[in-house]
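The listed protein sequences derive, respectively, from chains X and C.
Taken in order, the first sequence gives residues 7 to 405; the numbers are from the working numbering.
Taken in order, the second sequence gives residues 8 to 375; the numbers are from the working numbering.
Only one structure is covered here, and it is reproduced in the block below.
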Amino acid sequence: MINLETPDYINNMRSSMNNLAKGVLRPIARKYDESEHAYPTELEMFRNIKVMGRPKKKKDGEQASPDKGNGKPKRGMNLGTVVTIEEMCWGDAGLLLSLPNSGLGNAAIAAVATDEQLEKFGDKWAAMAITEPGSGSDSGSITTTAKLEGDEWVLNGEKIFVTCADRCDVVVVWATVDKSAGKSAIKSFIVEKDRPGFKLEHLEHKLGIRSSDTGTFVLDNCRIPKSNILGDSEVKTSTDGFKGVMKTFDNTRPMVASMAIGIARAALDFTREKLEENGFVLDYSKNLNNISSLEKEFYTMEANLEAMRMLTWRAAWMADNEKFNNVEASMAKAKSGRYGTLITQKCCELLGPLGFSQQYLAEKWMRDSKIMDIFEGTGQIQHLIIARNVLEMSSSELK
Amino acid sequence: MSENIISFDLSEEQVMMKETISQLVKNNILDNAHNMDENKDLPLEFLQKFWGLGIPASNIPEAYGGFGMDSSPSMNAIVLEELACGDMSFAIAATLPLLFALTVSEMGTEDQKSKYLPSFCSEKFFPATAAVNEMRFGFDASQPATTAVKKNGSYIINGGKCFVPLADSAELMLVAAFCDNKADLFIVEKGTPGVTVQEREKNLGLYALATNEVTFKDCEIPAENRLGGDQGCNFDLFLQKSRIALSAIGTGISRASYEYAKSYARERKQFGEPIASRQSIAFMIAEMAYEVDAMRLLTWKAASALENGKDARRESYLAKLYAGDMTMKITDYGVQILGGHGYVRDHPVERYYRNGRGIAILEGMALV
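Laid out in structure tokens, this is it:
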């Protein structure tokens, strides 16, 4: 039965995470925005809390949870995660991305690593390297190569826009084992930072999320053990393997959507505070056209924020209830990425000088939120996924 | 509800209801909506068919002849979306008795309930309506210019209302009037002196739905006809429920426009391929898809608050704001995707566009 009332346990989680965000992240948000690339040592306390992680695979013979399959909605990790992320990003998004041991690579390792790999890399900070200078949204076109020579893989290529590039211990690198075999030949490899031939070339200077260290790696005949491949090394004729990797995004896109929600809410909360300080009463009762444009804009943003959140919670809830959420994950990301950007822009406008000055965080939120419509698939890519899905058209029919 | 567990899924009962309504709409409304609109006529036969499902009666306690099921705002939202996905005029007309009955059932005095509710449990469509909107600039439902003043055991109503659906045939009417410094509802029976139902209105949309301007000149009603008694009713709750209902209707029209434009874009070929294979069209369709969902989720969110016994002022206000804006945007896209074909009345998207304007403007036309 439909019930979108926020459960008590979620409300409790929100308020405790919000305290953490308010107490730990907010106070250092500006500091690490200004000292780009400096490691926020205050975040060490989070090393053992894996926000971006996912539940470990069930080992053979392990019992499924008893409530599985009884048809009742479940409390799940995905909803809890998006709620946590919203609160943390309300504190600071760049700092959330800098939490130790919570890289995207950690999520990939948690999802597909063997027991031996988990033993070896489970407590390492793992970044993810997919994007290349010539390969952005079209991740099937990557040119970094991995060649098996005896007991070692030899990797060559260049990877850009790697989050946590400097701080991580290992990087999960996407590479093709056979350029002629297409997407099915793309595999991921765990590369330790200290491997010869693996070099952090430089760190990017960005519009926002400056506390997050984004970097470029060059792989020049970099040798790693054969056992460092994640998943199956066999090149299959079907692209199931690649599709499996892309499915990871069904879990991570609602997380990025939630980051956008957290930042937008921070901007809205601050704007509300200033509105109320200046005598505006937001009581949700008057005809929208009998109030100031300031109030109307505010209500409209609030409605959009709620829409972003509901689309995101739905995608996460579906994952928790083992429903295929590919299109819903993209819907959450498409809406939230775009409207997070619009809301933070508009808040700066409504705040006037307070929205342009670095005395306040509003200008920073406007810069930070823009990335949410770009990484983990741009808004345009999300629209493509949704459109192909609802129109039932293939990628060759709808390019 | 013992434990509050979040769920985005319909219950079996909700799925059944949704399918029942969808079938009713498919069998009776879809093929007729165009003619109903052109002929400005909504055959009673269709209203009777919806009535036959017993929805108003099921929401009325057994003591007054109903089936005594708990009234459920989310279920009502599901019903309204399905009806409006067929036709907005039909959705409003068919559920008008429900609007009256639910309001009296939830906020009326014992006497009001026993006097008025049994009529809604009969087998024949019982026309009742509500007069909320007023024809003036800056109209705000919570601040009606129509007044009710107490005088010698009666209330005297003065003022004018517009967009009163089925005003001509309605046996009973809930009238929103300002009284004791607040908006309140008054029950006015058909034929009460001082009530004049004017000529049928001509509006931008809802051609099939007969609406009238209704004027009240020293209209005297018994004091016991003030809904909820001397202290009046929770008018804010009435508005909350009406806002959620209009959001549900907006979701329905938007979905209809989206579905129609989507299948058109797949069929329509230009430059040798379906127009849907162009991103400019495909991205509009993607946006329509998630905005319809977002509208529905905001509607359900507000309905859930009420269902959990909470105040839904903020949620219902935001849901209606969102539905008002988005219905306009989506139905606009619907016309645009069909191009010139969307502008002629052969396709339903132009009707959705005209009707869609009503979501942001109207109040008190339906209830959850």
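C-beta atoms are modelled at their ideal positions from N, C-alpha and C, and glycine is treated no differently.
Out of the options, which one is the CA nearest neighbour of residue i?
i      : options                        : result
X/V396 : C/R273, C/N11, C/E280, C/P134  : C/R273
C/G167 : C/Y71, C/I194, C/V182          : C/V182
X/T151 : X/V89, X/I235, X/F286, X/A266  : X/I235
X/D14  : C/D300, C/N11, C/E196          : C/N11
C/K131 : C/F146, C/A64, C/I163          : C/A64
X/S104 : X/D129, X/D144, X/A44          : X/A44
X/S145 : X/V333, X/L161, X/R320, X/W180 : X/W180
C/D237 : C/M114, C/D77, C/C92           : C/M114
C/A152 : C/G93, C/V356, C/N188          : C/N188
X/N25  : X/V197, X/G82, X/M94, X/I16    : X/M94
C/K47  : C/A217, C/A137, C/A177         : C/A217
C/S121 : C/P68, C/K25, C/G371, C/E220   : C/P68
X/P260 : X/F248, X/M307, X/L225, X/N332 : X/N332
X/I196 : X/M19, X/A338, X/I136          : X/I136
C/S403 : X/M372, X/T243, X/Y290, X/I8   : Shown here, chain C extends from 8 to 375; a query on residue 403 of chain C therefore has no answer.
C/N165 : C/G145, C/F133, C/F146, C/C186 : C/C186
C/F245 : C/L37, C/A367, C/A137          : C/A137
C/R361 : C/G347, C/F57, C/K336          : C/K336
Interface residues of chain X around residue i at Cβ under 7 Å?
i      : result
C/G376 : Chain C is shown from 8 up to 375; residue 376 of chain C falls before or after that span and cannot be answered.
C/Y329 : A309, A313
C/R273 : L397
C/Q21  : M7, I8
Mind checking who residue i pairs with in its DSSP beta bridge?
i      : result
C/V171 : C/N219
C/T153 : Its beta-bridge partners do not exist; DSSP assigns none.
C/P80  : In the DSSP output, where bridge partners are listed per residue, C/P80 has none listed.
C/S14  : X/N9
X/L206 : X/F223
X/C174 : For X/C174, which the question treats as bridged, DSSP gives no partner whatsoever.
C/D191 : C/A184
X/W159 : X/L154, X/I230
C/N165 : C/T154
Whose Cβ in chain C lies nearer than 9 Å to the Cβ of residue i?
i      : result
X/R320 : F15, D300, L304
X/D379 : Simply none; closest approach about 14 Å.
Against residue i, what residues of chain X qualify as contacts under a CB-to-CB distance less than 8 Å, listed in chain order?
i      : result
C/L325 : Y290, Y305, E308, A309, E312
C/S312 : Note that residue 312 of chain C corresponds to Ala in the displayed sequence, not to Ser. The answer, in chain order, is E11.
C/D147 : K292, N293, N296
C/N315 : N9, E11
How would you call residue i, buried or exposed, if buried means at least 16 neighbouring beta carbons within 10 angstroms?
i      : result
X/H211 : exposed
X/S190 : buried
X/K64  : Residue placement at X/K64 is poorly supported in this model, since its pLDDT is 44, which falls under 50; the coordinates still yield a value, given next. So X/K64 counts as exposed.
X/D73  : Legend: pLDDT at X/D73 = 45, less than 50; position of this residue unreliable, value from coordinates given subsequently. Burial call: exposed.
C/K33  : exposed
X/E50  : exposed
C/R352 : exposed
X/K405 : exposed
C/K157 : exposed
C/G341 : buried
X/E283 : exposed
C/I13  : buried
X/G75  : Only weak support exists for where X/G75 lies, its pLDDT of 48 falling under 50; the value from the coordinates is given anyway. When all chains shown are included, X/G75 counts as exposed.
C/V22  : exposed
C/M142 : exposed
C/T203 : exposed
X/I8   : buried
X/G67  : Residue confidence for X/G67 is low, a pLDDT of 44 falling below 50, so the modelled location carries little weight and cannot support an answer.
C/A373 : buried
Check the Cβ of residue i against every Cβ in chain C and list those closer than 8 Å, keeping chain order.
i      : result
X/L404 : A283, S284, Q286, A289
X/V396 : K269, I292, A293, A296
X/L317 : Y297, D300, A301, L304
Could you tell me how far apart the beta carbons of residue i and residue j are, in whole angstroms, since I believe they sit closer than 8 Å?
i      : j      : result
C/E294 : C/S81  : Contact flag wrong, Cβ pair sits at about 26 Å.
X/G346 : X/E355 : Incorrect: roughly 15 Å between the Cβ atoms, too far for contact.
X/G343 : X/G385 : 5 Å
C/A91  : C/A98  : 4 Å
X/G237 : X/K185 : The Cβ separation is near 19 Å, so there is no contact.
X/A321 : X/K341 : The Cβ separation is near 11 Å, so there is no contact.
Looking at the ligand SAH, does it come within less than 6 Å of residue i, judged from the CB to the closest heavy atom?
i      : result
C/K168 : Ligands in the displayed structure: none, and consequently the ligand SAH is not present.
Strictly below 7 Å CB to CB, what residues from chain C border residue i?
i      : result
X/E48  : Under the 7 Å cutoff, chain C gives no residues; its nearest Cβ is about 33 Å from X/E48.
X/H43  : Correct list: empty, because the minimum Cβ distance to chain C is about 36 Å.
X/K352 : Going along chain C, no residue has its Cβ under 7 Å from X/K352, so there is no contact; the nearest lies around 14 Å.
X/A393 : A289, F290, I292, A293
Name, please, each residue of chain X whose Cβ falls closer than 9 Å to the Cβ of residue i.
i     : result
C/I99 : Simply none; closest approach about 21 Å.
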